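For the sequence shown, position 200 (counting from the first letter as 1) is numbered 1027 according to this note's numbering, and the numbering increases by one without interruption.
Virtual Cβ for every residue (Gly too), placed ideally from N, Cα, C.
Because the structure is a prediction, the values reported are computed rather than measured.
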Amino acid sequence: MTIRPSEFADARFSSAKWPRAEWRGVYCDLVRRMVTDMDVQVTEEKRSVDATVLRLPGLGVSDSRTTAFRTTRSRAMTKGTDDYIFFMCLEGAATFSHLGRETSIEAGQAILLPSCDPHVIERAMSHHLFITIPKAALGPMAANADAALMTPISCVGEKFSLLASYVRLLMQEPDLAASELCWLAANHIQDLVAVVIGATQDATEVATGRGIRAARLRAIKADIESNLASGDVGSEVLAGRHRVSSRYVRKLFEGEGTSLSQFVLGRRLALVCRKLADPRLVHRTIGAIAFDAGFGDLSTFNHAFRRHFGMTPSEARQSVAVQHAPLASGARTGQARQSATGEAAT
828 MTIRPSEFAD ARFSSAKWPR AEWRGVYCDL VRRMVTDMDV QVTEEKRSVD ATVLRLPGLG
888 VSDSRTTAFR TTRSRAMTKG TDDYIFFMCL EGAATFSHLG RETSIEAGQA ILLPSCDPHV
948 IERAMSHHLF ITIPKAALGP MAANADAALM TPISCVGEKF SLLASYVRLL MQEPDLAASE
1008 LCWLAANHIQ DLVAVVIGAT QDATEVATGR GIRAARLRAI KADIESNLAS GDVGSEVLAG
1068 RHRVSSRYVR KLFEGEGTSL SQFVLGRRLA LVCRKLADPR LVHRTIGAIA FDAGFGDLST
1128 FNHAFRRHFG MTPSEARQSV AVQHAPLASG ARTGQARQSA TGEAAT
């Protein structure tokens, strides 16, 4: 079965979207193209797969929640491959069979195995991250990657959390795989995997200033976005939640040529701007919207908004209203009303 690009433009797959007779083939094709070649066998009557896959230079990443099933890589499927497969179990359990050796892992553990050998993975109902990395990239960074093969790796702690959260945040980035940042993202993931399985001293130093730094910064930015309204986005509070020093938090933003306060202000202003443009919030006052975004003083908000956007909040809202005027005037027709509200006129 061939994947139609329009159906997987965002590289996400849900078995619920497909008839029972078709979902297995579609899922296999998707993972072959994005991660690695394999065959899937369902091991229980109830089946469900919800997966997000991301292909970066040299890397394949899959974040999946599944019911129990078995994946197999045959000898024929391994030809021409020379990657490491890093499998992290976030929930549930999995058992791996590789060259006569069997190893099981559970939530909070990971395992490394070579893609160049046949193997079988038996998964219970689970949530897992699956990453393929070229041996040529990971080998020099790891203290002894071959010694780690088929050995459960404890992933409890900050290093594992950084890797898992960084991958998830990357998967939320639209069109990341097609952007120039895809190369940086691939390097960052390689850094984080190397640190988790045991990196050399030189690789650890590189990762500290590259992959680990990028993962922490992205996690802190996501934290800020989630807590703009509450106001809990000061350096001390963020440092406590991410278990680093407040000075380190400030230095992360300084490294990007800005400051924590400037970043927070920019995100709050962007949030207000989005809400002013939302026709569903036309009944909300500008002051209420500003307070919802975390601003505590309207005078400060008005000054910052005008300086940033070159107009007052009222002018910004009016500008949006003018842009939507043709739609609003046409809303008297059933077609326009349906496009604006999702409901046909009666």
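In three-state terms, what does DSSP make of Q999?
coil
Assuming I991 contacts L956 under a Cβ cut-off of 8 Å, what Cβ separation, rounded to an integer in Å, is found between them?
The amino acid at residue 991 is misidentified as Ile; the sequence shows Ala. Confirmed, about 6 Å.
Measure the C-alpha to C-alpha separation of S1146 and V1099 and round it to an integer number of angstroms.
14 Å
Would you mind sorting R1144 into buried or exposed? The rule is 16 or more other CB atoms within 10 Å of its CB.
buried
Measuring CB to CB, does F896 end up less than 8 Å from V867?
yes
Going by CA-CA distance only, name the one from N1129, P961, C916, A1049 that's closest to G885.
P961
Any idea if H925 is buried or exposed, counting beta-carbon neighbours within 10 angstroms, 16 or more meaning buried?
buried
Pick from P979, L1108, Q1017 that is closest to S931, judged by C-alpha positions:
P979
With distance defined between alpha-carbon atoms, name the residue in T879, A969, R902, M977 nearest to I938.
M977
With H, G and I counted as helix, E and B as strand and the rest as coil, what does DSSP make of F957?
strand
Whose C-alpha, out of L1065, D1059, A903, is nearest the C-alpha of R1045?
L1065
Top-ranked residue by Cα proximity to R1043, from D910, R1068, E933, L1092
R1068
Under 8 Å by Cβ, that's how I've got L1125 and G1114 pegged, so tell me the actual separation to the nearest angstrom.
6 Å
Within its chain, find whatever has a CB closer than 7 Å to the CB of V1033; leave out the 5 residues flanking it on each side and keep chain order.
D1018
State the Cα-Cα distance for the pair R874 and G887, rounded to the nearest angstrom.
24 Å
Residues of its chain near V983, where Cβ-Cβ distance is below 8 Å and the 5 sequence neighbours each way are ignored
G935
My guess is that A921 and S942 are in contact by the Cβ rule of under 8 Å, so how many angstroms apart are they, rounded?
The Cβ separation is near 16 Å, so there is no contact.
On the DSSP bridge assignment, give the partners of E933 in chain order.
A920
Tell me which residues share the same chain as F1004 and place their Cβ nearer than 7 Å to its Cβ, disregarding the 5 neighbours each side in the sequence.
Correcting the residue identity first, residue 1004 is Ala in this sequence and not Phe. Here the set comprises L881, R882, L883.
Just the Cα atoms here: how many angstroms apart are L1055 and N971?
43 Å
What would DSSP say about T978, mapped onto helix, strand or coil?
coil
Quick check on the burial criterion: 16 or more other C-beta atoms within 10 angstroms. Buried or exposed for D1105?
exposed
Is L1087 closer than 8 Å to R1074 when the C-beta atoms are compared?
no
Can you give me the Cβ contacts of M904 inside the same chain, cut-off strictly under 6 Å, excluding the 5 residues immediately before and after it?
D864
If we call anything under 8 Å between Cβ atoms a contact, is G1038 one with N1014?
yes
To the nearest angstrom, report how far apart M968 and R928 are at their CA atoms.
26 Å
Would V1109 be called buried (16 or more neighbouring beta carbons within 10 Å of its own) or exposed?
exposed
Pair within 8 Å by beta-carbon distance, S1174 and V876:
Missing from the structure shown is residue 1174; the chain here goes from 828 to 1173 and no further.
Within 10 Å of its beta-carbon, does H1130 have 16 or more other beta-carbons around it, so buried, or fewer, so exposed?
exposed
Going by the beta-carbon positions, is the gap between V1020 and F987 smaller than 8 Å?
no
Alpha carbon to alpha carbon, how far is R1107 from A1172? Give it in angstroms, no decimals.
Note that A1172 scores 32 on pLDDT, short of 50, meaning its location in the model is unreliable; the coordinates nonetheless yield the value given after this. Spanning the two alpha carbons is a distance of roughly 18 Å.
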